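Chains D and R, in that order, give the protein sequences. All the letters of the first sequence, read from the start, carry residue numbers -17 to 428 under my numbering. All the letters of the second sequence, read from the start, carry residue numbers 639 to 1160 under my numbering. Step one of this worksheet: look at the structure below.
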Amino acid sequence: MRYLPLSNADRSAMLGVIGAANIDALFCDVPQSARQAELFDLPLGQGEMAVEAELARLARQNRAAGEGPFFCGAGAYRHHIPASVDHLIQRSEFLTSYTPYQPEIAQGTLQVLFEFQTQVARLTGMELANASLYDGSTATAEAVLMAARITRRSKVVLSGGLHPHYAETVQTLATAAGLQVIRRPLAVDDEAAVLSDLDADCACVVVQTPNLFGTASDISAIGAAAREVGALMVATVTEVVSLGLLQSPGAMGADIVAAEGQSIGNGLNFGGPYVGLFAFHARHLRQSPGRLCGETVDAEGRRGFVLTLSTREQHIRRDKATSNICTNSGLCALAFSIHMTLLGETGLRRLAALNHSRARALRSALGEVNGVSVLTPRFFNEIAVRLPGPAAQWVEGLAERGVIAGVPVSRLAPVAGFDDVLLLCATELTTDADITALVAALKKGL
Amino acid sequence: MNTLMLGRPTRPESQPSPTTENASSLTGGKGLLQAEPLIFERDDYAGTGVDLPEPESAIGEDLAGLLRTAPIGLPGLSEPETVRHYVRLSQANHAIDLAIYPLGSCTMKHNPRLNEKMARLPGFADLHPLQPTSTTQGALALIDRLAHWLKTLTGLPAVAMTPKAGAHGELCGILTIRAAHQARGDVSRDTVLVPSSAHGTNPATAAFVGYKVVEIAQTVDGRVDLADLAAKLGPHVAAIMVTNPNTCGLFERDILEIARLTHAAGAFFYCDGANFNAIVGKVRPGDLGVDAMHINLHKTFSTPHGGGGPGAGPVVLSAALAPFAPIPYVTHGETGFQVVEAAEQAFGRMSAFHGQMGMFVRAYAYMLSHGADGLRQVAEDAVLNANYVKARLAGALTQPFPEGPCMHEALFDDRWLEGSGLSTLDIAKAMIDEGFHPMTMYFPLVVHGAMLIEPTETESRAEIDRFCDMTLALAEAVKRGETERFQAAPQLAPRKRLDETRAARSPKLVFPVEDAQRRGAT
C-alpha cells in the first residue's frame, strides 16, 4: 500500500523492540469475540489509476454548473475563483497543518486568521469577528444561542425571508438548547413582520438581507425596534458579495452578523465545505462562540499571534463552554482571505456591481417572457419569479434541455402559494448567451 | 578589463566566519524567513489583484438608500504581492508534509494528493447542492457508496452524513438519542455520563442539549470504572459517551460489559469515534454494543486538517436510532438516487445542504485506495508505531499506565521531570528547537503533565526513530540539569515563547481602524 512506509522487515524488527510475539498481541485488550479474523466485505486496495478512473466515472454522472446555462443561488453561489487562490491553499504548510496549538511554529496560520477576522469585521461593519464557523446556517444558529446567553431570554423570531435550511437549522439547535423558536411565514418582502412577535421575552429577531427571494432591505428600523425591548438583531447574509454594494449589517444596527462566506474563494462543492462568518460587538466578546486569534508579543517583544480567550471553549470549560465547537473552517477561511486580499475594496465593489448588472440583465430578459412575473422588488443578484405551473417541473424539464434554471422554492419549503416560485441567480459568470438560452427554453414551454 | 583587478580574488579566502550568540538580523528577516507585515499595514488600500470587466449597467434606482457609502477598509494586493504574502506566511508553519506531527488524539497522517485532485473534478467541485437531482446522480451515488463503507466498517446499519465536524457529529448523535427516548415517551432522562478522561466536546455537547453531565471515575489502569458506572446508571440516564480506544490510548477491555450495563439501564451507548484509526478494518464498533458513533473523516480517513478545518463527522447509528436521524439523507428509488428532505421522526436538520461533500470525495478516494486489506493494515501499523514509541521511550520517560500494550497513541506523564524544575510545556517547546512539532500536552486532563504521542501509520520507522532519538536526547539534557535550554525554548523558531496571558487580558482580535487611518489608508 503506497501510503504505508513500513516494510515487513520493519514490522518484525519493531515487534522485537516492543517484545510482542505478533501484531495480535498488541490487540489483546479487544474482546476476542469482537476481533474480525477475516477481511471485511469491501473491495481490496487499488492503485491511483483505478481510483482515479472510478471517481472520474462518478463525476461524469453529474452536470457541472460550468457546463452550460446555470442560474442556481439560494445559499450557494457560483463565482469565479482566481487561480492563485487554489494554488496557495494547497501549500503543504496550510493544507496539512493542524489547529495552531503551538503558536511559535504556526504563525502562518495565525496571522492569516488575524487578517481574516479583520476582513470579516470590516466587511460586515462590526467591531470583531471570530476565526470562522462551519457555514452560514450553523453560524446563524450560534448567533441565536449567543443572543440568548447575552439577554438571558428564550424567545427567538425568524423572518419569513430567512433561508428555510437556515431556519430549520436554527430551529433544531435552538429548540435543543431549550429556546422557543417562532418562524414567520415565507414572505418575499416583509422582514418587518418579525416585529409582530417582538416583545420583552425576545432574545433576538433574525433577518436575512438580501433574503431568500433576493430582496434587499434596510433593516435599521427592525434593529431599533428590537433594541427598544432589549432584544438583539441577528443579521444573516448568504451572499457576501452583496456587501461590496449594499450597506453593511453593522451600519444597519445588527448586533450579531452570521454569514456564509462561500462566495469568496470557495467553490460550490455540492454544499460543503463552506465557511461561516461570525461578527459581533466587542461588548459581547465573552459570550461569543468559536476560535479567536489575538495579537501578542513573544519573549523578545516581537509581535506574534495566538489562539486566545479559550476559557470560553469546550476543551477548557467542558460542560460550561459557550459552544461545543472545536474545529472551525480554517482552509475555507484561508481561501476567503486570499480571494478578499486579491479583490481588495476596489475589486470587491467592482465584482458586486458586475453581479448586480448581470442580474438586471436577467431580470429584464425574464420580464419579456409571457406568463413569467418577477416578484423581487429590490435585488442584488437574485430574483424570484412566478412561473405558469409548478417550478420543480419547469426545472426538471429545462434541465433535460441543458439549462439549470434555478432553485424551486418547493425544494426548500413545500409551502402552499410558493409552488410556482423559482429562485434565480446571476453572477459575473452568467453570460448573455446563458440568459438567451434560458429565455428561449422558457418561451418554448414544457 | 581594468588590469588592476586581475588576479584579485573574487571572494575573501579562508577568513574565519564570525559567530555570535543569538544572532539577530538588522531588519527582522531571518535566513529564508521574511518578516511579513499584515496586509492592513499598507499606505494604499486601493490596489487589486483581479481584472474584472466594467459593469454594463448602472446600479438600479430601486437600491437607493440601501447602498454602502463609507469606505470598507479592505486592502487589495496585486497577484505577485498576494502570492508572496501567503507563501511567506506559510513558511512559518509546521506541516505533516515536513515531518512527523505526533499530536495525540489528532491523527495527523499523510494527506494523499490524489484525494485533492479528485475533489477538484468539476463534476464534484462545480456542483450546486440544489441542482435537480437528475443532474447530480454521481454525487449522490458517491455519498451512498461512502455511507456503505462507513456502515460496513462499523457494523452499524445507518449513517447520518451531514454533520460538519466531530463535535457537530456528537451533537447529532445526542439529539438522535434524545429523539429516540422521547418517541417512546421516556422524557425523564436528564443525565449523560462521561468519563473524566473524555474530550471536552463530550460534556460540552451533552450540556448544550440540556443534559446534566456526570463524570464516571477512572480505574488505576486508565479505564472506565465499572462499579462507578453501574452505580451512576439508572432510569435518569439518557446515554453514556465513551471514547474507545480512550483518550489515554487504551482499549476499554470491559467494553462489552459497559454496553450491557448501559442497555440494561435503558440508556444508549454513544461512542466518540475520534480514535477509530486504531481499530478500523479489524473491529466493528457495532459488535462492541455501540449505538451511535461519529467518525472524524479528517482523522481516520485522512481529509486534510487545513490549519483547523474543515472537518466532517458522519454518525453511524443502530437500528433503534436510525429513524430519528436528521434530514436530508440519500435514498435509492426507481428513478435513481433521491434526497429525502422531510421525514416524520427525524429530529431536524444539522445544517444547510448535504454535508461536507468535498471531504466525502477525499475520504472515498482514500478508502478505495486502501481497500479492506489496506485499512486493516492502517490500524495495525498505527498501533505498532505507537507501541514502538512506547517501548523506545519507556526507559527515560514515565508512564501513567505502563502495563500492557497501548493502541494508536502512547501516553506519558511528567513524573520523570520531578525535581528538574521543568514542565511538560518546557519539554514541548524544546522539541520545537530540535525541529519537531511536540506531542499533545496536558491532555487527557486525568494525567498530570500528560504527553500524548500519536505517530500514525504513515510514519516510517526512520522518522519515528528520529523523533524518539530527539526525545531521548532531551531526556538526557534534563538529567544533566540543562534547565535553561528548556525554559528559554524555543530559541530557533520563527517566534520565541508567546505571551498568551497578555493576549487574553487585553484582547486585540482585529487590526484597529484608527491604525489604518493614521497610515493614510482609506
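Virtual Cβ for every residue (Gly too), placed ideally from N, Cα, C. No experiment lies behind these values; they were computed from the predicted model shown.
For residue 171 of chain D, no chain R residue has a Cβ inside 7 Å of its Cβ, as the nearest lies near 11 Å away.
DSSP, read as helix, strand or coil, puts residue -17 of chain D in coil. Assigned with DSSP and collapsed to three states, residue 924 of chain R falls in helix. DSSP places residue 1062 of chain R inside the alpha helix (DSSP H), whose first and last residues are 1062 to 1071. Residues of the region 980 to 994 of chain R that bring their beta carbon within less than 9 Å of a beta carbon in chain D comprise 980, 985, 986, 987, 988, 989, 990, 991, 992, 993 and 994, in sequence order. Bridge pairing for residue 165 of chain D: D:140 [DSSP]. Of all residues in the region 1088 to 1108 of chain R, only 1095, 1096, 1097, 1098, 1099, 1100, 1101 and 1102 come within less than 9 Å of chain D when Cβ atoms are compared, listed by chain position. With contact defined as three or more Cβ pairs closer than 8 Å, the region 762 to 781 of chain R and the region 250 to 257 of chain D are in contact.
In this structure the region 846 to 853 of chain R does not lie against the region 1044 to 1062 of chain R, because fewer than three pairs of beta carbons, one per stretch, are closer than 8 Å. In the same chain as residue 748 of chain R, and ignoring 5 residues on each side of it, the C-beta atoms closer than 6 Å to its own belong to 1096, in chain order.
For residue 1028 of chain R, the enclosing alpha helix (DSSP H) stretches over residues 995 to 1031. Contact with chain R is found for residue -13 of chain D, since one of that chain's Cβ atoms lies less than 7 Å from the residue's Cβ. Counting along the chain, residue 205 of chain D sits inside the alpha helix (DSSP H) bounded by residues 202 to 210. When Cβ-Cβ separations below 7 Å define contact, residue 874 of chain R makes no contact with chain D. Between residue 407 of chain D and chain R, the shortest Cβ-Cβ separation is not below 7 Å. If you check the CB distance, residue 962 of chain R and residue 818 of chain R come in under 7 Å.
A straight line joining the alpha-carbon of residue 785 of chain R with that of residue 745 of chain R spans about 21 Å. With its beta carbon at least 7 Å from every one in chain R, residue 294 of chain D lies outside the interface. Shown here, residue 906 of chain R sits in a strand according to DSSP, grouped into three states. Collapsing the DSSP output to three states places residue 935 of chain R in coil. Counting of Cβ neighbours within 10 angstroms places residue 696 of chain R among the exposed residues, the total staying below 16.
Its chain contains 106, 108, 217, 231 and 261 as the residues whose beta carbon lies nearer than 6 Å to that of residue 239 of chain D, once the 5 sequence neighbours on both sides are disregarded; these appear in chain order.
By the criterion of a C-beta distance shorter than 6 Å, residue 1099 of chain R is surrounded by no residue of its chain, once the five residues flanking it on both sides are discounted. Interface flag for residue 1065 of chain R against chain D is unset, since no Cβ pair is found closer than 7 Å. Here the alpha carbon of residue 94 of chain D sits roughly 18 Å from the alpha carbon of residue 687 of chain R. Interface annotation, residue 966 of chain R: not in contact with chain D, CB-CB separation never under 7 Å. It is roughly 59 Å from the alpha-carbon of residue -5 of chain D to the alpha-carbon of residue 411 of chain D.
In this structure, residue 197 of chain D places its C-beta atom within 7 Å of the C-beta atom of residue 360 of chain D.
Judged by their CB atoms, residue 921 of chain R and residue 907 of chain R are not nearer to each other than the 7 Å cut-off.
Secondary structure of residue 110 of chain D (DSSP, three-state): strand.
In the displayed model, residue 859 of chain R falls within coil according to three-state DSSP, outside both helix and strand. Comparing alpha carbon positions, the residue from R:703, R:672, R:1119 and R:773 closest to residue 381 of chain D is R:773. The beta carbons of residue 287 of chain D and residue 98 of chain D sit about 11 Å from each other, so the pair does not count as a contact at 8 Å. Residues of chain D with a Cβ closer than 7 Å to the Cβ of residue 746 of chain R are, in chain order, 80. Assigned with DSSP and collapsed to three states, residue 1057 of chain R falls in coil, not helix or strand. As computed with DSSP, residue 30 of chain D is found in no beta bridge at all.
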